[in-house]
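The block underneath contains the structure these notes are about, expressed in structure tokens.
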Amino acid sequence: MSRNILIAVMIIAVLTIQLSFIDPFTTGIAPISIILLFIALLAFRLEIIPLLWWSFGIGAIHEIFSILPFGTFTIITVLTSVALYFLLNNVLTNKSLFPFVLLAIVGSAIYNLLLLLASTVFYAMNSIEVSLYQVPNLWTGILLQALINGGAAFVLFLLIRLLTRRFQNQFLVRN
329 MSRNILIAVM IIAVLTIQLS FIDPFTTGIA PISIILLFIA LLAFRLEIIP
379 LLWWSFGIGA IHEIFSILPF GTFTIITVLT SVALYFLLNN VLTNKSLFPF
429 VLLAIVGSAI YNLLLLLAST VFYAMNSIEV SLYQVPNLWT GILLQALING
479 GAAFVLFLLI RLLTRRFQNQ FLVRN
């Protein structure tokens, strides 16, 4: 119960920081997305069902501040979480530094490409006034965000490893 409350408080804090301090100072793609770092961390720590619920919560709260039609960020967040969970459990299969950094980079790319696809579809249907394709330096922004998220994931992993017993090397001893 206390873990759920802690995760809920962390979600609100992460969304507040992202939406209040990072997004307003950027045009187009934000240079860092702590929402995606948090989703990568949740994918790293949780099983699929709790991950889906928390991703749904992140997307639903993010919807309040969105210009896209309702449900877009929720669907994109859940699809990104499913892709990261699948990648972690079926391709990487190891919970160490490299998979965590790769999750942050791939998660950033998947999230932004799904967001680009959704904004293009809604722009074509005249549901929104502007598409992400009209943002200058779009592909550079997506690549830059993926690389910065990878670097931030590197620092976050080492910080968590330093401060807690999580993510420590575990070796099996043969008798």
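Residues in the sequence shown are numbered consecutively from 329, following our numbering. For each residue, glycine too, the CB sits at the ideal point set by N, CA and C.
Practice task
Give the DSSP-derived three-state secondary structure of Ile367 in the structure shown.
Solution key: helix
Problem - C-beta atoms of Gln473 and Ile339 nearer than 8 Å - result: No, Cβ-Cβ distance for Gln473 and Ile339 is not below 8 Å.
Practice task
Compute the distance between the beta-carbons of Leu407 and Leu420, then report whether it is under 8 Å.
Solution key: no
Exercise for the section: Please name the residue, chosen from Arg331, Asn332, Leu364, Ile333, that lies closest to Leu347 on a Cα-to-Cα basis. Expected result: Leu364
Exercise for the section: Kindly confirm or deny that the region 368-379 and the region 388-396 touch, where touching means at least three C-beta pairs closer than 8 Å. Expected result: no
Problem - With 16 other Cβ atoms within 10 Å as the buried cut-off, status of Ala432 - result: By the neighbour-count rule (16 or more Cβ atoms within 10 Å), Ala432 is buried.
Problem - Nearest-angstrom Cα separation, counted from Asn440 out to Arg335 - result: For the sequence presented, residue 335 should be read as Ile rather than Arg. Near 24 Å, if we compare the C-alpha coordinates of Asn440 and Ile335.
Practice task
Note down, one range per segment and in chain order, each alpha helix (DSSP H) of at least 4 residues found wholly within the region 361-405.
Solution key: Every alpha helix (DSSP H) of 4 residues or more that sits fully in the region 361-405 is shown, in chain order, as 362-373, 376-391.
Exercise for the section: Measuring alpha carbon to alpha carbon, tell me which of Thr492, Asn454, Val434, Phe450 ends up nearest Ile476. Expected result: Val434
Handout entry: Euclidean distance between Cα positions of Leu550 and Ala437
Key = Missing from the structure shown is residue 550; the chain here goes from 329 to 503 and no further.
Practice task
Just the C-alpha distance for Leu370 and Asn418, rounded to the nearest angstrom, thanks.
Solution key: 17 Å
Problem - Reduced DSSP category for Thr408 - H, G, I as helix; E, B as strand; rest coil - result: helix
Practice task
Taking 8 Å as the cut-off, decide whether the C-beta atoms of Phe414 and Phe372 are in contact.
Solution key: By the CB criterion at 8 Å, Phe414 and Phe372 fall outside the cutoff.
Practice task
Can you give me the start and stop residues for the alpha helix (DSSP H) that Val419 sits inside?
Solution key: Neither: Val419 is in no alpha helix (DSSP H) and is coded neither H nor E.
Problem - Within 8 Å, strictly: CB atoms of Ile362 and Ile345 - result: yes
Problem - Expected contact under 8 Å - CB spacing of Phe450 and Leu396 to nearest Å - result: 6 Å
Problem - Pro427 - DSSP class collapsed to helix/strand/coil - result: Helix, per DSSP.
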